[in-house]
Each structure stands twice: as C-alpha cells, then as structure tokens.
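Undergrad: My questions all concern the structure below.
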Amino acid sequence: MSYTEDLSRYITHFIDQLTLSGVKHAVISPGSRSTPLAITAAESGGVKHWIQLDERSAGFFAVGLAKEKQEPVALICTSGTAAANYYPAVIEAFYSRVPLILLTADRPHELRDVGAPQSIDQNNMYGSYTKWFHDMMIPEAGMEMYARKQAARSVEESLRNHPGPVQLNFPLREPLMPDFSLSGLWRGERTFSPFTRGKLRVEEGELQRLAGRFRKRGKGVIVCGPQTDSSLVPAIEKLAKALDVPVFADPLSQLRTAGFSEEYIITHYDSLLRSERFNALLLEADYVVRFGAMPVSKAYLKWVQRAGDTEMFVVDSDSGYRDPSGVAGEFIWSDPIAFCEDILPFIETPEDSWRAFLKSLDELAAETMFHKEEEGLYEGDAVHDLAPLLRKNSVLFVGNSMPIRDVDTFFPALDTNVSILANRGANGIDGVTSAAAGTAASGRAVTMLTGDVSFFHDMNGLLAVKQYDLDLTIVVFNNNGGGIFSYLPQAGQTEHYEALFGTPLDINLEEATRMYGGSHRRVEEREGFIAAVQEAQAEKGLSVVEAAVSREDHVANHRNKWSSLDRQIAGKVQEYVHHRP
C-alpha cells in the first residue's frame, strides 16, 4: 500500500467520523500542509465548509457559528504561525464555553526542531486554554480505526462537562494530495460512537434542604447572567413564580426578549444599583440564586461583594468556579433546567410585597432612563430605539467596552425571540465582526452593535460577509476613539490621554464598507438613526449604520440619569420601609 493510499484512508476516516459524531461545519484557512484535511472536508459532503483567509478571523467566525448553533465547529489551518493566529479565539472559546475542534496541520517529526521552514512547536501550543490535546500519528496502513477514535473523542471532549476547544495536531508527510478514487474511503463497516451523555441532577434530600433555606429566608432574588440556552427561560420563569421573587435579567441571559412575565423580570437593575438607597434596600435580600456567568453589570458585582448576610447560590451544569466576586457561596452543580424542575415540588410560596416593590422601582427606572431631554444622538436612546426594530427570531451580536454596557442599561424587555450574544469569555474587542459573521452563517439575520475601535480592529471579518452574502446589519457608535476610558480615572489626565486612551482613528467608515460591497448610512440625530436602521434591516447582505456620537456627552448623560433616578428612588424606598409589616 502506498503512502498516498495510507494518507487517503486515514484522513477520510477521520473526517467521516467527525460528521458522524455531529460536526456539521468546518472553517478552513487554506495552506499547503493542511491540504489533506482541507480538501477532504470539502470533498466529504457531510460537512459544510467555510473559507476564511485570515486565521484570526476564522477562529472568531467559528466561535460565532458554534455559539449560535450550540454544537462543535472544526477549524483547519496549515503549519507554523497560522495556528498561532487562532489563539485569541481559542481563549474566548475556553472562557465562554464554546466547543471548537482545532485541526492544525504540522510538519512530520523529522522536520521538527531542525530549522525547516514554516515549522514551529505546535504540540499543546494553546496550553491550558484547550480541554484536550492529541498529537496524531503519521498516516500508516491499518490506522483507520485509530483515526475514527480520535475524531469521536475530540467531539466528546469538546462537549464533556463544560464545552470548550480541543486541539488535534496532524504531522503530515508529502505528497499531500489524497486519492479519492480509492474504494472504501467513506463510511466503512465499523464506525466509532462510544459516548452517551446524561444530565447532572441534585438528589432529593439536597433539594429539600435548599427549598427549606429559601422558605426560611423568604426575600430572594434570581439572577440570570450570560448564557445561550433559550430552553432555560421557561424553567427560570416557573421557579421565580413558585418562589415569588424578582429575576435580574442580564442582556445576554436570553430572558429580555423571550416574553418573560413582566411582573417578575427586572431589566434595569444596573441603573438601580447605582443608587445607594437601592443598594441599602437590596442588602435585605436573604438569598440570591444565580444561573449563567457573572452578569455584565459592574454595579451588581460590587453589590454582591457588600452583601455579607445574603446567601449566594450559583447553579452550574458541571463542576466549575465561575464567580469572580470572591464571596463565599454555595455551588449547585446540576443541569440548570433539571434543577428548576426538580426543586418545584418542595417550594412553598412566601407572602411578601418584596418582589412587587422591586418591580415598581424597575418601572420607575425605565421611565427615568428613557426620558428624552438632550439634543442630538445619544447611545442610550439609540439602543432603546434599536430594540423594537430588530427582526423577530434574529440575533443581536454586541461588542464589548461601551456597547454591551449600553445594552445592559437601556435594552428593554420584549417578546421578539431575539438572541443577544457577545464575546464575554475574555471580553476582548478583537474578533467581534468575525464572530457576528459566523453567527450569520447559521442562517439567522444578525444585527451587530459595536464601536468604531472594535470595527477597525476586525475589518478583515467583513470579507466572509461579502464572500458568502451573509445577512449582517452593523450599527457602529462612532465617537472617534475609546469611549469607555472616559469613565475611568485616566480621563482626568489630559497630557497623554488622547494618545494612550482616547485613540482617535479619524478613518472613513464608508470607504471601508464599500470595499466589502456593503451599503453605508451616517446619521447624527435620533430620527435619522431610526430611519437608517429600518432601511438597513430591510436590506440583504452587509449594511452599516454609522451613528456619530460624542464621548463627552455619553458620560454626562449617563450620570445625569443615574442621579435623577437616585433622587426619585429615595422617597419610594422610605415609604416602603415605613409601611411594610
């Protein structure tokens, strides 16, 4: 048997098993050493392949696609620094629990560490940011079942416990072109599917104990942070009603757009927690049950660190410590939906006005934060206006820094089934456009909300939008620099502030958009913004709405609204404390 035949059977059995194990998409960055993997993935018919020339963009494209589909996506690249360009996306996938299968082509062992071109040490190159690493064998005769076992294991490892990235490194000798004319390459008689997964559940005795603690300490709060499983929403709603407690809904929780019961959902808790009076009231909470990651709101994190007498519970699908507060609490390792359903029979609903009063403050916050006084275009109003314009069943992909915080503060509760996603694993601004493009590759319409610096950082991601005619509307808040630094102490340092933190770009976004075949609209006032978004949402392909805003006005508007809300809360809280039983 020739090496070409050994290579052909080895690689086709590997790729075939990937598809049998559930991998439906592969993102390929072309190169020479990866030829067997890339061309076999394209030839297989069982996996849809996406070509991304820039490996950094390819990595984030796969993150967005895997996050939206909630299934593993394969990444294929050639040897050398090509694989290193996946690094930021691998880190994001690890922390945001996104399953990726990295297939990195490599030089054979005899060409390693001898100065061969395009040869670096690729063994376990992502370190602790991958859940599993395997250096594959050189293709030889009779290795088909070995290849299938590693393919099946890679899928299982990417999904087991908390999902995340895995790496398989393929040392490959020349010639690199497989021979697809050989018989028996696909779907051999033996396949390898040895894994069965179940749900982690809490035992009945522990459920009774927890329900007893909730009952004994009646004033509770449910918090749902970033998570992508829409099926968790009705389970949390049932639990909230049984406990009669409010639900603090992070914008990435999928609760805000799911038609969640209005009397239970609290969407403006970040603004409320800017008030010392509300903080003092919330310190009376007896317990907090959190689902998902830590919320975006920094004000919430600070409150948790102050709430010494409040019992904290974190429900997570498997063992892990996703709690940066440093506060002692109890981890409940269980499938979240199963936990909500299993504990219901043991819950007794308390009689208290706690939940209703907190909801009344949330309604007050909505009126205050959306009260229009200023002239021109302001990010908060734009987010509030954007929400109802989003197409039903579409996706809003939000950039980091100020956009995600504006969404947290100003995005209302709706019943539109819009998924709100973001790269909140490592919270970076790199790869936002590519991740949004990958999300659009799932087939759903996507609107991306980002800042001008993030837009600049990942313009390469627009190539996939053009190449595959993806449906992506991009709203860019252009304040000519990094607006989030205006809230930090360095904003008062005038000598070097603009160069080091403000970072004005002074680039023409229209020209960048036209280069990738998109339409562009620049607006400077509120009515024009609404009209531009409506027009963009009606278009197919790439549409960019550039909203010209002011860094200085953003800070002033936020602080004025928070101050006004604080004043209005004071009397409400005093009256509630005075009249309660």
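With our numbering as the guide, the letters of the sequence shown map in order to residues 15 to 595.
We treat Cβ as the ideally placed atom computed from N, Cα and C, and that holds for glycine.
Computed from a predicted model, the values in this text were never measured in an experiment.
1. Suppose contacts are defined by Cβ-Cβ distances below 8 Å. Is T92 in contact with S46 by that definition?
2. With a threshold of 6 Å on Cβ separation, who are the neighbours of D349 within its own chain once the five nearest residues in sequence on each side are excluded?
3. From L400 to I544, what distance separates their C-alpha atoms?
4. Can you have a look at G234 and say buried or exposed, based on whether 16 or more other CB atoms are within 10 angstroms of its CB?
5. Residues bridged to L114 by DSSP?
6. Leaving out the 5 sequence neighbours to the left and right, which residues in its chain are closer than 7 Å to D337 when beta-carbon positions are compared?
7. What does the alpha-carbon distance come out to for the pair G394 and S245?
8. Going by the DSSP bridge assignment, what does A263 pair with across the sheet?
9. Going by the beta-carbon positions, is the gap between A440 and F75 smaller than 8 Å?
10. Is it the case that the Cβ atoms of L89 and I115 are separated by a distance below 8 Å?
11. How many Å lie between P153 and E171 at the Cα?
12. Who does A597 pair with in a DSSP beta bridge?
13. Leaving out the 5 sequence neighbours to the left and right, which residues in its chain are closer than 8 Å to I357 when beta-carbon positions are compared?
14. Determine contact between the stretch 152–168 and the stretch 94–107, defined as no fewer than three beta-carbon pairs at a distance below 8 Å.
15. Can you tell me whether DSSP reads V432 as helix, strand or coil?
16. May I ask you to verify whether the stretch 135–148 touches the stretch 478–488, counting CB pairs closer than 8 Å and requiring at least 3?
17. Buried or exposed for D323, please, with buried defined as at least 16 other CB atoms from any protein chain shown within 10 angstroms of its CB.
18. Exposed or buried, which one is T461 when buried takes at least 16 other CB atoms within 10 Å?
19. Compute the Euclidean distance between the alpha carbons of E85 and M139, then round it to the nearest angstrom.
20. Would you mind listing the beta strand (DSSP E) stretches within the stretch 288–345 that are 3+ residues and don't spill past its ends, in chain order?
21. What would DSSP say about D120, mapped onto helix, strand or coil?
22. In three-state DSSP terms, what is F411?
23. Note the first and the last residue of the continuous alpha helix (DSSP H) segment covering G394.
24. Tell me which residue opens and which closes the alpha helix (DSSP H) that F353 is part of.
25. Work out the CA separation of D127 and R121 for me, nearest whole Å.
26. Can you look up T464 in the DSSP assignment and give me helix, strand or coil?
27. Looking at the structure shown, is V587 part of a helix, part of a strand, or coil, going by DSSP?
28. Taking the alpha-carbon positions, what's the F274 to Q268 distance?
29. Tell me which residue opens and which closes the alpha helix (DSSP H) that I25 is part of.
30. On the CB-based measure, 16 or more other CB atoms within 10 Å of its CB, does D284 come out buried or exposed?
31. What's the C-alpha gap between R23 and M191?
32. So is G413 buried or exposed if we call it buried at 16+ other beta carbons inside 10 Å?
33. Count the other CB atoms, across all protein chains shown, that sit within 10 Å of the CB of K230; report buried if there are 16 or more and exposed otherwise.
34. Within its chain, find whatever has a CB closer than 6 Å to the CB of A550; leave out the 5 residues flanking it on each side and keep chain order.
35. Measure the C-alpha to C-alpha separation of G532 and R573 and round it to an integer number of angstroms.
36. Anyone know if the C-beta pair for F228 and G178 falls short of 8 Å?
TA: According to the structure data:
1. yes
2. K213, L214 and S331
3. 7 Å
4. buried
5. V87 and P179
6. M308, V328 and G343
7. 29 Å
8. C238
9. no
10. yes
11. 23 Å
12. No statement about residue 597 is possible, as the shown extent of the chain runs from 15 to 595 and does not include it.
13. V216, L221, L224, A225 and L253
14. no
15. coil
16. no
17. exposed
18. buried
19. 23 Å
20. 301–305 and 325–330
21. strand
22. strand
23. E393 to L400
24. P350 to I357
25. 10 Å
26. strand
27. helix
28. 10 Å
29. Y17 to L34
30. buried
31. 12 Å
32. buried
33. exposed
34. T487, S557 and V559
35. 36 Å
36. no
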